[in-house]
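First comes the structure, then the notes that go with it.
2 protein chains.
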Amino acid sequence: MREHRGMESIDTELAARIRQDIIMGVFEEGERLSEARLCDIYEVSRTPIRLALRLLERERIIRRGEGRGYIIYSPTVDDILQAVQVRGHLESLAARLMAQSETRAQSLPHMARAIENINAVLDAGNLGDAARREAQAANKIFHSTILTACGNDYVSFTCEQISHLPMLAAGSMVFDRSTSETQDHMERALFRLRLGNAQHQVIFEAIEKGDAVRAEGMMREHSHTMVDYIRTFERKDDSLTVADLIAYSGAEPVTFSG
Amino acid sequence: MREHRGMESIDTELAARIRQDIIMGVFEEGERLSEARLCDIYEVSRTPIRLALRLLERERIIRRGEGRGYIIYSPTVDDILQAVQVRGHLESLAARLMAQSETRAQSLPHMARAIENINAVLDAGNLGDAARREAQAANKIFHSTILTACGNDYVSFTCEQISHLPMLAAGSMVFDRSTSETQDHMERALFRLRLGNAQHQVIFEAIEKGDAVRAEGMMREHSHTMVDYIRTFERKDDSLTVADLIAYSGAEPVTFSG
DNA sequence: CAGCTTGATTTGGGATCCCAAAGTGATATT
DNA sequence: AATATCACTTTGGGATCCCAAATCAAGCTG
Chain A
70 MREHRGMESI DTELAARIRQ DIIMGVFEEG ERLSEARLCD IYEVSRTPIR LALRLLERER
130 IIRRGEGRGY IIYSPTVDDI LQAVQVRGHL ESLAARLMAQ SETRAQSLPH MARAIENINA
190 VLDAGNLGDA ARREAQAANK IFHSTILTAC GNDYVSFTCE QISHLPMLAA GSMVFDRSTS
250 ETQDHMERAL FRLRLGNAQH QVIFEAIEKG DAVRAEGMMR EHSHTMVDYI RTFERKDDSL
310 TVADLIAYSG AEPVTFSG
Chain X
70 MREHRGMESI DTELAARIRQ DIIMGVFEEG ERLSEARLCD IYEVSRTPIR LALRLLERER
130 IIRRGEGRGY IIYSPTVDDI LQAVQVRGHL ESLAARLMAQ SETRAQSLPH MARAIENINA
190 VLDAGNLGDA ARREAQAANK IFHSTILTAC GNDYVSFTCE QISHLPMLAA GSMVFDRSTS
250 ETQDHMERAL FRLRLGNAQH QVIFEAIEKG DAVRAEGMMR EHSHTMVDYI RTFERKDDSL
310 TVADLIAYSG AEPVTFSG
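Residue numbers (the numbering used here), protein chains in the order written: chain A, 70 to 327; chain X, 70 to 327.
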């Protein structure tokens, strides 16, 4: 599997635009998407729209409705849990492979800088929108660096694919954010961020010294932390912290209107 | 993620037909696929053909050529290695999840029967075409049972997706099979099958008694056996044993003309 | 004869057309 | 008034058309 990115399908771009809009909440949750309407919105004909819809269907972002048309998928907490579980498991493989890779040294600086950036946010102590975005971006860099540096293209490709659904969930949850933005939440978010970055540090050191077993084990623990966190939402009627989910999903840091 | 299979996209069917033909070697390795030609062959218009091609592109079975058109991907040994590595890693997750699942009991009989069937082949002692197919089918059942019984739909879906490339490789290698069909090869194939089924037995028992750690660990070892085996082909100029690869890829047992 | 240019043909992307199936609503019948 | 039936509308799947880009080939020029 040589280089793919950059000469992907053209209509992948359209799919990306639609996906982005879905995630950003342009359409209603569970809304029916008719091809004609999408044609109006994106100002293209039905052919490229249909190509894009098939791709989005494979990503589980949209579903086929009963009769005709697609509807936007409404992921359950369990859906997110499953997706994150798979992604985390693959990341532990990536950590092991990168620790065994001989060319890993050149990617280490990116990881180190990501850890530093998160530490800077932690030192500042408060988690405003800017700081949150900063931490998200750094977290994404940390994880995606491992995914690409592991040398197995299937890992990064699959992880990217599987991140779309958590992104959709994060997008639909962002509007509830303000209601749950209490001091208590902020404290807990900071705690999670601190714990997560400590794990980052251990993973970094393990990969640096080529300790594949420790790298994989620690990444697994890091992933379990996230899975356990999401699992709490199956019981409590709490609102998911979007920042974590988005950061974990490895998506680009996007600006939310809310 | 509720039930998907059964109401998939219609043109997924066309994609499956084309994929099957590609794997079966109907087209030349690295051949250019023009849409018009595919229209003639499958007697449909360009629209569904294009939809199918996009899906196959995502499966890495075909690639976009430099200028126009798609070409059939020629996977390297390293490609196969990577795909099998990811699949194996996900299977170890599946084994763990199934061991933790409360409804696992109802799927255990399928696994037990698969192990028995492979043992029957081993007892017979020779590995003719029929016996090989029998072992393949049983192996597929063993693995796919775990994938579906694990309860995480992403695992099975992703594994299925990622199996297409090894299938393509297996298909293109099937023609070399006769040249490498020596007594020595048969001996080794039998040895691998015996080893593999012993691992199956351990995995089965671990899942049965709910020992998630052991189930995952043994599945991991089972997967590493396969990865190590494939890795030998990077050094030696040997020809891959198709039966193992196909069985491991979890594909339907197909009949080869060769 | 080599290299460049230009015209013809292939080919893929997008738009439009046609049709069948499913949804919708109105009307007629009991 | 309730229900069943039928016409009308919506909508998605497939086929065809158009166009632009790219490939190929022949011819022209240095």
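The C-beta atom is built at its ideal place from N, Cα and C for all residues, glycine as well.
Could you spell out the range, first to last residue, of the beta strand (DSSP E) harbouring residue i?
| i | result |
| --- | --- |
| isoleucine 131 of chain A | 131–133 |
| isoleucine 141 of chain A | 139–141 |
State the start and end residues of the unbroken alpha helix (DSSP H) segment that holds residue i.
| i | result |
| --- | --- |
| isoleucine 276 of chain X | 252–277 |
| glycine 157 of chain A | 146–169 |
| aspartate 90 of chain A | 80–92 |
| glutamate 97 of chain A | Unbroken run through glutamate 97 of chain A: none, as it is neither H nor E. |
| glutamate 128 of chain A | Looking at the DSSP string, glutamate 128 of chain A is not in any alpha helix (DSSP H), and its letter there is neither H nor E. |
| glutamate 104 of chain X | 104–111 |
Straight-line CA distance for residue i to residue j?
| i | j | result |
| --- | --- | --- |
| leucine 124 of chain X | leucine 124 of chain A | 7 Å |
| glutamate 171 of chain A | isoleucine 130 of chain A | 37 Å |
| isoleucine 110 of chain A | arginine 133 of chain A | 20 Å |
| threonine 227 of chain A | valine 155 of chain X | 9 Å |
| proline 117 of chain A | leucine 120 of chain X | 10 Å |
| glycine 253 of chain X | glutamine 169 of chain A | Reading off the sequence shown, one finds aspartate at residue 253 of chain X, where the question assumed glycine. Cα to Cα, aspartate 253 of chain X sits roughly 33 Å from glutamine 169 of chain A. |
| tyrosine 139 of chain X | proline 235 of chain X | 19 Å |
| aspartate 90 of chain A | glycine 136 of chain A | 24 Å |
| glutamate 203 of chain A | threonine 81 of chain A | 28 Å |
| leucine 259 of chain A | tyrosine 298 of chain A | 14 Å |
| cysteine 219 of chain X | aspartate 148 of chain A | 14 Å |
| leucine 264 of chain X | isoleucine 187 of chain X | 11 Å |
| alanine 320 of chain A | arginine 300 of chain A | The predicted position of alanine 320 of chain A is uncertain, since its pLDDT is 46 and thus under 50; a value taken from the coordinates is nonetheless stated next. Their Cα atoms are separated by approximately 21 Å. |
| valine 282 of chain A | glutamate 229 of chain A | 24 Å |
| isoleucine 141 of chain X | arginine 115 of chain X | 18 Å |
| proline 178 of chain X | isoleucine 215 of chain X | 12 Å |
| arginine 165 of chain A | aspartate 222 of chain A | 14 Å |
| arginine 173 of chain X | alanine 275 of chain X | 12 Å |
| cysteine 108 of chain X | leucine 83 of chain X | 11 Å |
| alanine 163 of chain A | methionine 287 of chain X | 20 Å |
| glutamine 175 of chain A | glutamate 277 of chain A | 10 Å |
| arginine 261 of chain A | alanine 152 of chain X | 34 Å |
| arginine 88 of chain A | arginine 127 of chain A | 12 Å |
| serine 232 of chain X | glutamate 97 of chain A | 35 Å |
| serine 225 of chain A | threonine 217 of chain X | 23 Å |
| glycine 279 of chain X | histidine 212 of chain X | 17 Å |
| alanine 238 of chain A | proline 144 of chain A | 6 Å |
| leucine 150 of chain A | glycine 94 of chain A | 21 Å |
| isoleucine 79 of chain A | glycine 240 of chain X | 29 Å |
| phenylalanine 273 of chain A | glutamate 285 of chain A | 11 Å |
| alanine 105 of chain A | phenylalanine 302 of chain A | 38 Å |
| valine 190 of chain X | methionine 167 of chain X | 27 Å |
| glutamate 112 of chain X | alanine 199 of chain A | 56 Å |
| valine 146 of chain X | alanine 85 of chain X | 24 Å |
| serine 247 of chain X | valine 296 of chain A | The predicted position of serine 247 of chain X is uncertain, since its pLDDT is 47 and thus under 50; no value can be drawn from it. |
| isoleucine 92 of chain X | arginine 201 of chain A | 48 Å |
| leucine 122 of chain A | leucine 122 of chain X | 14 Å |
Looking at the ligand SAH, does it come within less than 6 Å of residue i, judged from the CB to the closest heavy atom?
| i | result |
| --- | --- |
| isoleucine 91 of chain A | Summarising the ligand content, the structure contains no ligands, and the ligand SAH is consequently not present. |
Could you tell me which whole alpha helix (DSSP H) segments of length 4 or greater appear in the segment 169–248 of chain X?
177–193, 198–218 and 222–242
Of all the residues that make up the segment 110–127 of chain A, which are near chain X by a beta-carbon distance shorter than 8 Å?
Thr116, Arg119, Leu120, Arg123, Leu124, Glu126 and Arg127
Do the segment 95–104 of chain X and the segment 200–215 of chain X touch if we need at least three Cβ pairs shorter than 8 Å?
no
Residues of the segment 221–245 of chain X in Cβ contact with chain A at a cutoff of 7 Å, in chain order, please.
Asn221, Asp222, Tyr223, Val224, Thr227 and Ile231
Does the segment 254–272 of chain X come into contact with the segment 191–199 of chain X, if we say contact requires no fewer than three beta-carbon pairs (one atom in each stretch) closer than 8 Å?
yes
Can at least three beta-carbon pairs, one atom from the segment 277–294 of chain A and one from the segment 150–166 of chain A, be found at a separation below 8 Å?
yes
Pairs of beta-carbons, one from the segment 260–277 of chain A and one from the segment 179–193 of chain A, closer than 8 Å: are there three or more?
yes
Which residues, in order along the segment 141–152 of chain A, keep a beta-carbon less than 7 Å from a beta-carbon of chain X?
Asp148, Gln151 and Ala152
Taking any Cβ of chain X, which residues in the segment 196–225 of chain A have a Cβ under 7 Å from it, in chain order?
Of all residues in the segment 196–225 of chain A, only Asn221, Asp222, Tyr223 and Val224 place a beta-carbon less than 7 Å from a beta-carbon of chain X.
Short-range partners of chain A found in the segment 276–298 of chain X, where Cβ spacing is below 7 Å:
none
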